[in-house]
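Our numbering puts the first residue of the sequence shown at 15, with every later residue one more than the last. Cβ coordinates follow ideal geometry from the N, Cα and C atoms, glycine included.
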Amino acid sequence: MKRFLTIATLLLAVWIRSDARTPIGDATPASTQSQFPQVVRIRLWYLHPPHELKLRAEAGRANAQSCRTCKETPLTTLTVRASGSSLQSDAARAANSDLRITGTFQMSAADSPPIHADFPIEVRADQNHLLITAYMPMEEYIAGVLAGETGNFKSEEALKAMSVAARTYAEHFGSRHALDGFEFCDTTHCQDLRLAGIDTRLRRIAESTAGEVLWYDGEPAATYYFANCGGTTEDGHYILGNDEAPAPYLKQHSDRYCIRNGGSQWSSEVSTRDLQAALAADGINIPGKIRSVAVLNRTASGRVEFLRITGNGSVTVSGLLFRSAIGRHIGWEKLKSNWYDVSDHGDRVVFHGRGSGHGVGLCQVGAEIMGEEGHSYREILAFYYPGTHLGVAAQGIQWQQLANDDIELLTPRPDRDRSLLPIATRYLHESEESTGLIYRGKPRLKVYATITEFRDSTGEPGWVAASTRGRTIQLQPPDVLRNAGTLDSTIHHELLHMLIESYARPGTPQWFREGLVLYLSTPQAAGMKTANTDDLSTLEKSLRSPQSEQELRRAYAQAEAKVAMLAQQRGKEVLIDWIQKGLPPELSARTNVRPAEGQ
Ligand SMILES: [Zn+2]
Ligand SMILES: [Zn+2]
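Pasting the structure below:
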């Protein structure tokens, strides 16, 4: 299994060998926080576009505009209908192709509750239906998603966690409807939006987390969520398929919270005839009449991965396709989740299951119980998306790629950062030479344009120069590091880290990994200024959870001194061997640490 470790190179650590003494945060003026796009375009009534829409001004403050360049006219009440691809209204004599409503108003379409709007909408007609696009402030959209997706949540913290998950989900997947001229539809295809359900409480909760997004590896995370896991979440791999690398924050884990609620068991049955028709409608044809349905194998969480369906011959069907066929053609309440036993009863198939939804990511019942038990929304998010971190940042940094045979460089400003490519290439070769190890993948260097973006994307404080995870190094703006005199040494340090980490045996203590990297980057200078320490468990604790910058700085120096001493005694090659095979007992026993996170 691939290891995901986060290593932060501190500028402090680099200062030990550098003349630069200016803390990075002091050298740079505080930049203003950038915001998410203020307005997202939402297609309302996406699945069932109405034929007619009734509009009524509220507080007498609405205007209608029948084309982009037309004059705005005050609106009191207006009924607009689709006629082919043109609009007819009781106000305008001529048919229009376009109508824009601004101000504060109420809109209602047949068969749905009236919606209060204080955001603009645009109305067009297509095949006798109205296409209605709302230009909504992001946080109002999130409040509407909370109304649609959270049912009757009571806990404020659980709702806050959901508002972050919903916002991050929107940012991660971006627009699935860009070609149609809007960002999100109002169905579960994007996220279920219920504007009629927005109240002041949901609005306040969305605002209280405004702009906050969960980040992983410099990108908004894929924050899947679902109703109830029934006691164990599912590994993201099973619903993401091969399109996306399995995200480590979507791994399977047990959920001690939702099971306190009990009651997640269900049973249901379908007739073999309905089942046969549902499968056939999705292109799964069972030869002859269905005689038996059996679980072929299960995922690690216990959910059905494949079934064998037998008629006059057997067909293997994935659990996901099986559930979606039954859901779409018979009813989603029949198979609430993929966690069930199945038994044949003549012309019926009976299911006994638990949980509800796909099981990947945040369990809403568990989140609600965590909230009721006094956990904060940060704790809820950390429990269901471990390894991500919360931050506010500009949406969609436009990464551009520069690459050579050895390194991939991602930057929003290629002209500025082009010169980093040869520097990184040089240190890559130097690192391979000094360790005798070879990079196992092409290192990727992500260079941020501002400290704010770096901090919010990585979760590292602004005084951290770079952060490495897997094969990705995330780097502060080069100018900032150049001014501190640490650009070259930071790149060298991170590249060495990546190489060492990709070979390090699980559980290798951090003092050894960190110390070895520091030692290898400047073997001559190492260990001259700091006394060697034998208290390795205190050192390890200082590196993992420092209480102050001073403590961390001292720990780095001690780690370096310790490794330098070991290198003098045993030789560098032995130390590199230890990275791969483990430390000798006299060094590892005293450290007494849990395996590093993410293994
Ligand atoms: Zn959609
Ligand atoms: Zn759960």
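Query	Result
Helix, strand or coil at T324 according to DSSP, with G and I counted as helix	strand
Residues that E233 bridges to, as DSSP identifies them	Y230
Given I304 as reference, the closest of K555, Q415, R362, D429 once Cα atoms are compared	R362
Where the beta strand (DSSP E) containing R138 begins and where it ends	135-140
Supposed contact pair N242 and S281 - C-beta distance, whole angstroms, cut 8 Å	S281 to N242, Cβ: 15 Å. No contact.
Beta-carbon gap between S95 and L89 smaller than 9 Å	The identity of residue 95 in the sequence shown is Arg, whereas the question assumes Ser. Cβ distance not < 9 Å, so R95 and L89 don't count as in contact.
Cutoff 9 Å: T247 Cβ touching any chain B Cβ	Of the chains in the structure shown, none is chain B; there is only one protein chain.
Local Cβ density within 10 Å of R368, reported as buried at 16 or more and exposed below that	buried
First and last residue of the uninterrupted beta strand (DSSP E) at I146	143-151
Own chain residues within Cβ distance below 7 Å of D269, not counting five before or after	C243, G245, T246, T247, C377, G380
4 or more residues per run - each alpha helix (DSSP H) lying fully within the segment 260-345	286-295, 333-343
Backbone CA spacing between P457 and R485 [nearest angstrom]	5 Å
Nonlocal neighbours in the same chain, by C-beta distance under 6 Å from D296, ignoring five residues either side	A339
CB of Y238 within 9 Å of CB of Y149, strictly	no
CB contact flag (A78, R55, <9 Å)	no
Cut-off 8 Å between Cβ atoms - residues of its own chain near E154, not counting five sequence neighbours on either side	F133, I212, R217, A220
Start-to-end residues for the alpha helix (DSSP H) that takes in I593	586-595
Exposure label - S315; buried when at least 16 CB within 10 Å	buried
Every unbroken beta strand (DSSP E) inside the segment 438-517 [3 residues or more]	458-461, 478-483, 486-489
Three-state class that DSSP yields for F119 in the structure shown	strand
Distance, P520 Cα to A575 Cα	23 Å
Identity of the residues DSSP links to G244 by a beta bridge	For G244, which the question treats as bridged, DSSP gives no partner whatsoever.
Assigned exposure category for R35 - 16 Cβ within 10 Å defines buried	Here the model assigns R35 a pLDDT of 20, short of 50, so the residue's position is not dependable, and the following value carries that caveat. Exposed.
Option in E422, S448, P426 with minimal Cα separation from P436	E422
Assigned exposure category for Q561 - 16 Cβ within 10 Å defines buried	exposed
Cβ-Cβ distance between T522 and W477 below 9 Å	no
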